[in-house]
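Numbering (this note's numbering), first residue to last: 9 to 417.
Below, the structure is given as structure tokens:
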């Protein structure tokens, strides 16, 4: 009898838990459908978001063939999560019947506004964004779409998660350039993949209380699975734009871990009002790997470690430099390798001018340890144009496979 009693209790508990569990509602319940016009889907998705904002609900972007056509100008309001089925699909998904992506996919064809403007306590996860009209062969026909995702320009935004997002044909992926009047905080970018034709994948300004960029990947091969590839001329046109895949300014203790880029002018721009840590990176086929600035001597310090830079393309007049440092503050660089060579995907010069270019006229400090420096043209891996700079190099290897040490007097 006791066994029967406990079995009944367990059955009642399981049934009660199942009944009370509320799975995410599909956006299709609000009439977001593959057969709608983009304007209809924008209206219906906004209605779903408005309702979900009242309870902090998550909306499910149900996977479909062909994706959901949608017009730009959606506001992801406070408390709402928009969640799809995917991890980052860095080479694309593939419709079995045609060359196109499938799944939790938004298809964007207008260039009127950002697709999503995000507010506080929101999440975009497991989604794909596709611009089918974007040119992938002719640089003269590239469309300068607004950013796919943008932080609100009229509100302070705190607590946004952007995870497992993949972009196809975007011009700028994620724009989190806020303002002093409406700064943002605690923005997390993780496992996001794309190849922006502006050269700008993530840009951040006025983001305090630690922005985090983790495990992100910029690569022109990201549409390979559904039969699209960017031509050499398109990639060269991206390199010719004086932009950076990742740029950060006006931040507190920013964190960048495991980031990759390929075929752009600049890899990472660390603005003059930023400080933080950058580690485990690969910046491939760039003109400038890392450009670090500093607007003061206090809290303008970056620790840069464990990465590779292949600076081998001449995108702009300033030359080819794995690392540029200017302004003020301190930069600690350890275990960073730089080398150059050819690559058939783009027009490569196959060398860098030096390993490190130091510019300006204000006092700054730099330490380098354990760096391997190869394939630069200059006799000395350091080009020092700042007479006030204090620099010490220990345990590094130059292009002749010899130990290189240096200390300013």
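Glycine included, each C-beta is placed from N, C-alpha and C at the ideal position.
Review point. Who are the Cβ neighbours of residue 336 in its own chain at under 7 Å, not counting the five residues just before and after it?
Key: Excluding positions up to five away in sequence, the list reads 302, 303, 304, 305, 308, 370, 371, 372.
**Study point:** Close-in-space but distant-in-sequence residues of the same chain around residue 46 (CB under 6 Å, 5 per side omitted)
**Key:** The answer, listed in chain order, is 77, 78, 79.
Exercise for review: Under 7 Å Cβ to Cβ from residue 240, same chain only, skipping five residues before and after it: list those, please.
Suggested key: Apart from the 5 residues on each side of it in sequence, residue 240 sits with its Cβ closer than 7 Å to the Cβ of 353, 354, 355 in its chain, given in chain order.
Exercise for review: Find the nearest neighbour of residue 218 within the set 399, 331, 409, 168, judged by alpha-carbon distance.
Suggested key: Closest option to residue 218, Cα to Cα, is 168.
Review point. Which two residues bound the contiguous alpha helix (DSSP H) that contains residue 266?
Key: Run containing residue 266: none in the alpha helix (DSSP H); it sits in the beta strand (DSSP E), 262–278.
Practice item. Return the residue from the list 188, 65, 299 that minimises the CA-CA distance to residue 132. Key: Closest in C-alpha terms to residue 132, from the list 188, 65, 299, comes 65.
Exercise for review: Take residue 344 as the anchor and find which of 368, 290, 320 has the nearest alpha-carbon.
Suggested key: Checked all of 368, 290, 320; the closest Cα to residue 344 is 290.
Review point. Mind checking whether residue 362 and residue 391 have CB atoms under 7 Å apart?
Key: Cβ distance < 7 Å, so residue 362 and residue 391 count as in contact.
Check your understanding: What span of residues does the beta strand (DSSP E) with residue 343 cover, start to end?
Key -> Unbroken beta strand (DSSP E) run through residue 343: 338–347.
Exercise for review: Grab me the residues of residue 405's own chain with a C-beta within less than 7 Å of its C-beta, minus the 5 sequence neighbours each way, in chain order.
Suggested key: For residue 405, where only same-chain residues beyond five positions count, the Cβ hits under 7 Å are 380, 381, 411, 412.
Review point. Three-state secondary structure (DSSP) at residue 73?
Key: Three-state DSSP puts residue 73 in a strand.
Check your understanding: Are residue 359 and residue 388 touching if we call contact CB-CB under 7 Å?
Key -> No, the Cβ-Cβ distance between residue 359 and residue 388 is not below 7 Å.
Review point. What is the C-beta distance between residue 257 and residue 281, in whole angstroms, given that I count them as a contact (C-beta under 8 Å)?
Key: Yes, residue 257 and residue 281 are in contact; Cβ-Cβ is about 5 Å, under 8 Å.
Review point. Which whole-angstrom value describes the C-beta separation of residue 6 and residue 211, a residue pair presumed to lie in contact below a C-beta threshold of 8 Å?
Key: Outside the shown range of the chain (9 to 417) lies residue 6, about which nothing can therefore be said.
Review point. Quick one: what's residue 97 bridged to in DSSP?
Key: Looking at the DSSP assignment, residue 97 forms no beta bridge with any residue, so it has no partner.
Check your understanding: Are there 16 or more other CB atoms within 10 angstroms of the CB of residue 385, so buried, or fewer, so exposed?
Key -> By the neighbour-count rule (16 or more Cβ atoms within 10 Å), residue 385 is not buried but exposed.
Check your understanding: Where do the ends of the alpha helix (DSSP H) carrying residue 53 lie?
Key -> Per DSSP, residue 53 belongs to the alpha helix (DSSP H) from 46–61.
Exercise for review: Starting from residue 171, follow the beta strand (DSSP E) in both directions and report where the run begins and ends.
Suggested key: Element bounds for residue 171: 165–176.
**Study point:** Cβ-Cβ distance between residue 330 and residue 378 below 7 Å
**Key:** For residue 330 and residue 378, no; Cβs fall outside 7 Å.
Check your understanding: What's the call for residue 58, buried or exposed, on a 16-neighbour Cβ count within 10 Å?
Key -> Its Cβ having fewer than 16 others within 10 Å, residue 58 is exposed.
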